[in-house]
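Novice:
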Amino acid sequence: MDWETLYCPNQACSYHGIPFSQGRLVKNGSYRGHKQALCKACGCSVSLRYGTAYLGLESEPTLFEMAVRALAEGNSLRATARIIQIDKDTACDWLNRAGQHCRLVMLFHWRNLHISECQLDELWSFVHTKEENLLSAQHGCETYGDAWVWLAFAPVCRCVLAFVVGKRTQANANLLLVIIQK
Numbered sequence: 097m098d099w100e101t102l103y104c105p106n107q108a109c110s111y112h113g114i115p116f117s118q119g120r121l122v123k124n125g126s127y128r129g130h131k132q133a134l135c136k137a138c139g140c141s142v143s144l145r146y147g148t149a150y151l152g153l154e155s156e157p158t159l160f161e162m163a164v165r166a167l168a169e170g171n172s173l174r175a176t177a178r179i180i181q182i183d184k185d186t187a188c189d190w191l192n193r194a195g196q197h198c199r200l201v202m203l204f205h206w207r208n209l210h211i212s213e214c215q216l217d218e219l220w221s222f223v224h225t226k227e228e229n230l231l232s233a234q235h236g237c238e239t240y241g242d243a244w245v246w247l248a249f250a251p252v253c254r255c256v257l258a259f260v261v262g263k264r265t266q267a268n269a270n271l272l273l274v275i276i277q278k
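Numbering (our numbering), first residue to last: 97 to 278.
Right, dumping it as structure tokens:
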């Protein structure tokens with residue numbers, strides 16, 4: 097964690113979003129063992145971990161990092177918990193924490209993304225059982241049977257912009273178009 101990436105989190109402050117060295121933040125001791133800063137403009141206190149996946153983490157960052165790396169390499173939750181010597185629920189919470197933070201970072205970098213070309217496609221698969229083999233009682237279950245993944249793909253930057261998983265209906269196709277336009 098770097099002081100230069102820290103900024104005042106108060107959106108009403110005139111120094112909101114301005115990096116540490118250019119704003120009115122000063123180092124202000126620590127809270128629960130974590131370094132913090134104080135904004136001289138608005139009086140808001142901010143942890144050095146603000147804006148990271150470590151904010152509010154009560155364990156050692158190295159354990160968290162090792163667990164996330166193990167999960168990213170394809171280890172199961174239970175295997176990761178045994179390797180790191182933590183509870184499997186903790187491993188699950190840490191996976192969620194890392195995923196939520198990755199989502200925020202991705203959304204930050206994807207703001208005002210210039211897309212010159214977008215391709216739409218669909219992919220068929222099935223959940224539990226193929227549609228033709230479903231029992232009559234299971235036909236009412238929306239999650240069983242044929243499943244379609246509707247994709248919006250940007251070939252220039254090689255990224256999937258949006259996707260919708262569901263039945264092959266016009267409503268799901270329209271939903272993909274609505275998501276892309278946002």
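Every residue, glycine too, gets a C-beta built ideally from N, C-alpha and C.
Measure the alpha-carbon distance for W190 versus R264 and round it to whole angstroms.
Specialist: Sequence index remark: in the sequence shown, residue 190 carries index 94 (1-based). Sequence index remark: in the sequence shown, residue 264 carries index 168 (1-based). Cα to Cα, the separation comes out at about 35 Å.
Novice: Ignore the nearest five residues each way along the sequence and tell me which others in Y127's own chain have a CB closer than 8 Å to its CB.
Specialist: Here residue 127 corresponds to residue number 31 of the sequence shown, with the count starting at 1. Cβ neighbours of Y127 beyond the five flanking positions: S141 and S143.
Novice: Would DSSP call W190 helix, strand or coil?
Specialist: Taking the sequence shown and counting its residues from 1, the one referred to as residue 190 is at position 94. W190 falls in the helix class under three-state DSSP.
Novice: Can you name the residues that DSSP bridges to H130?
Specialist: Position 34 of the sequence shown holds residue 130. DSSP output for H130 lists Y127 as bridge partner(s).
Novice: Around the Cβ of L273, are there at least 16 other Cβ atoms within 10 angstroms (buried) or fewer (exposed)?
Specialist: The residue given as residue 273 occupies position 177 in the sequence shown. The residue is exposed, with fewer than 16 neighbouring Cβ atoms inside 10 Å.
Novice: Give me the Cα-Cα distance between S172 and Q181, rounded to the nearest whole angstrom.
Specialist: Stepping through the sequence shown from its first residue, residue 172 is reached at position 76. Stepping through the sequence shown from its first residue, residue 181 is reached at position 85. One C-alpha to the other measures close to 14 Å.
Novice: With 16 other CB atoms within 10 Å as the buried threshold, where does A163 fall?
Specialist: One-based indexing of the sequence shown puts residue 163 at position 67. Flag for A163 reads buried.
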